[in-house]
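Participant: Residue numbers (the working numbering): 3 to 353.
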Amino acid sequence: MSFQSKIKTIEWVNNVSRMVDQTLIPYEYKMVDIKSADEMFDAIRTMIVRGAPAIGIAGAHGMALAAMEVASKSADKSEFIEKLQKYAQYLKSSRPTAVNLMWAVDRQLELAQKSQGTPEQIVRILIENGIRMENEDIEINKKIGDYGAQLVKKGATILTHCNAGALATVGYGTALGVVRSAFANDSSIKVFADETRPRQQGARITTFELKMDGIPVTLITDGMCGYFMNKGMIDMVVVGADRIAANGDTANKIGTYTVAIAAKYHNVPFYIAAPLSTIDTNIQSGSEIPIEERDKEEVTHINGKRICAEGVDVINPGFDVTPNELITGIITEKGVLYPPYSESIKKAFEC
Ligand code: MRU
3 MSFQSKIKTI EWVNNVSRMV DQTLIPYEYK MVDIKSADEM FDAIRTMIVR
53 GAPAIGIAGA HGMALAAMEV ASKSADKSEF IEKLQKYAQY LKSSRPTAVN
103 LMWAVDRQLE LAQKSQGTPE QIVRILIENG IRMENEDIEI NKKIGDYGAQ
153 LVKKGATILT HCNAGALATV GYGTALGVVR SAFANDSSIK VFADETRPRQ
203 QGARITTFEL KMDGIPVTLI TDGMCGYFMN KGMIDMVVVG ADRIAANGDT
253 ANKIGTYTVA IAAKYHNVPF YIAAPLSTID TNIQSGSEIP IEERDKEEVT
303 HINGKRICAE GVDVINPGFD VTPNELITGI ITEKGVLYPP YSESIKKAFE
353 C
């Protein structure tokens, strides 16, 4: 049985959003119930739920929870929608970079605005749509996985950064979806996982889910990728994305840009795996992508213990932008997009 074949990372159950608490992995695998829009804001902000597609579903559930809260207190539909708009802004401000959050929250808000019926009836519509989006996410990831698997050579070693796996989505994963589909065809493939400081999503989460699935994984620290590329030990890089601009520039976890530069120098193909919901066609280039600045303590401490001199200056951007010229292809549910991305991205949305 493969990892998460039964459990979804995030799922609507009995009027709550049930999710894996990712801050506890790999020590504990525990589900938590999020019961209000405020709790959802905190769950996204503190990274109980993380990974662009999973955050998107959290946003959709957050809107359903917000609708439940305001439906009972609203005299009519216009008051209900007005309050829901405020919750939409609030939920979208929990994390700024992953556009899936904005996409999912706006999708729920638009649905509420155009739906007929009482606030209570609209609550039902938003809940059902949230559940539909969960299932869609898994279907999309399987398509990404199957398109991506066609790019993986026999016995290849794939380097990945951060966690773009089942735990970053509702299930299956994007970059790790490619790994899962490739492994189903060829069990001789291997993964190198970057540790991914400061939050160590690679060490904590990617190794956890690949080990669960019996997929060979070797953990390396972030600075080691060039060394292994130079030795000819990496055949391709596949990473996820938090936001892709209309020209293909891609924001992903801090450190991705450095991996892409090393890959270019060593002629290692560098792929992004992401659903179309991660592409923000409203922005023309990566310079317009808002980069989240996170707590300094993520850098100065590991597992609650300080690892540096007290009072040292720290900067902690959560993401960086890889320019499109470093990207070999973008693996989506509509197929693999190639440069020039402004054209291929446009076409992907048309068909
Ligand atoms: O800060 P995180 O853990 O939410 O960042 C996650 C990433 O950068 C992932 O690579 C990205 O969201 C893609 S997940 C399929």
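Idealized CB from N, CA, C, for every residue including glycine.
How should cysteine 227 be labelled, buried or exposed, when 16 other C-beta atoms within 10 angstroms of its C-beta is the threshold for buried?
Facilitator: Burial call: buried.
Participant: For a test of your reading of the model: does the CB of methionine 21 fall under 7 Å from any non-hydrogen atom of the ligand MRU? Yes or no.
Facilitator: Because no heavy atom of the ligand MRU lies under 7 Å away, the Cβ of methionine 21 does not count as near it: no.
Participant: By a C-beta neighbour count over all protein chains shown, 10 Å radius and 16 as the cutoff for buried, is lysine 10 buried or exposed?
Facilitator: Its Cβ being crowded by 16 or more others within 10 Å, lysine 10 is buried.
Participant: Any heavy atom of the ligand MRU within a distance shorter than 7 Å of the CB on aspartate 188?
Facilitator: The answer is no for aspartate 188.
Participant: Would you say the region 152-161 touches the region 30-47, given that touching needs at least three Cβ pairs under 8 Å?
Facilitator: Short answer: they don't touch.
Participant: What separation, rounded to the nearest whole angstrom, lies between the Cα atoms of tyrosine 29 and cysteine 353?
Facilitator: Taking the straight line from one Cα to the other gives about 44 Å.
Participant: List in chain order: all unbroken beta strand (DSSP E) runs of 3+ residues lying wholly within the region 145-202.
Facilitator: Runs found: 159-162 and 192-196.
Participant: Taking C-beta to C-beta, are lysine 255 and phenylalanine 321 nearer than 8 Å?
Facilitator: Contact: yes.
Participant: When the distance is taken between beta carbons, is arginine 20 closer than 8 Å to methionine 33?
Facilitator: Yes. Within cutoff.
Participant: In the DSSP assignment, what are the bridge partners of isoleucine 304?
Facilitator: Paired residue(s): Lys307.
Participant: Any heavy atom of the ligand MRU inside 7 Å of the beta-carbon of methionine 238?
Facilitator: For the ligand MRU, not one heavy atom lies less than 7 Å from the Cβ of methionine 238.
Participant: Could you tell me the boundaries of the alpha helix (DSSP H) in which methionine 70 lies?
Facilitator: Taken as a continuous stretch (DSSP letters only), the alpha helix (DSSP H) holding methionine 70 covers 54-73.
Participant: Report the three-state DSSP secondary structure of proline 215 (helix, strand or coil).
Facilitator: This sequence places aspartate at residue 215; proline is not what is there. Aspartate 215 falls in the coil class under three-state DSSP.
Participant: Looking at arginine 245 and threonine 99, is the spacing between their C-beta atoms short of 8 Å?
Facilitator: Going by C-beta atoms, threonine 99 is nearer than 8 Å to arginine 245.
Participant: Which stretch, first to last residue, makes up the beta strand (DSSP E) that contains serine 19?
Facilitator: Element bounds for serine 19: 18-22.
Participant: Return the chain-ordered list of same chain residues with a C-beta closer than 6 Å to the C-beta of phenylalanine 351, the five sequence neighbours on each side being excluded.
Facilitator: Closer than 6 Å at Cβ, skipping near neighbours: no residue.
Participant: Look up glutamate 41 in the DSSP assignment and say whether it is helix, strand or coil.
Facilitator: In the structure shown, glutamate 41 sits in a helix (DSSP, three-state: H, G or I).
Participant: Can you list, in chain order, the residues of its chain whose CB lies under 6 Å from that of lysine 348, leaving out five sequence neighbours each side?
Facilitator: Answer for lysine 348: no residue qualifies.
Participant: Return the CA-CA distance between methionine 3 and alanine 166, expressed in angstroms with no decimal places.
Facilitator: For methionine 3, the pLDDT reaches just 47, beneath the cut-off of 50, and the residue's location in the model is therefore unreliable, although a value from the coordinates is still provided. About 20 Å.
Participant: Taking 7 Å as the cut-off, does the CB of valine 15 come closer than this to any heavy atom belonging to the ligand MRU?
Facilitator: Checking every heavy atom of the ligand MRU against the Cβ of valine 15, none is found closer than 7 Å.
Participant: Determine, using beta carbons only, whether isoleucine 12 and valine 172 come nearer to each other than 8 Å.
Facilitator: Yes, the Cβ-Cβ distance between isoleucine 12 and valine 172 is below 8 Å.
Participant: Three or more C-beta pairs closer than 8 Å, one from the region 285-296 and one from the region 304-323: is that the case here?
Facilitator: Yes: the two stretches touch, three or more of their Cβ pairs being nearer than 8 Å.
Participant: Answer yes or no: do threonine 324 and alanine 248 have a C-beta to C-beta separation smaller than 8 Å?
Facilitator: No, Cβ-Cβ distance for threonine 324 and alanine 248 is not below 8 Å.
Participant: Name the two residues that bound the continuous beta strand (DSSP E) containing asparagine 269.
Facilitator: First-last for asparagine 269: undefined, no H or E at that position.
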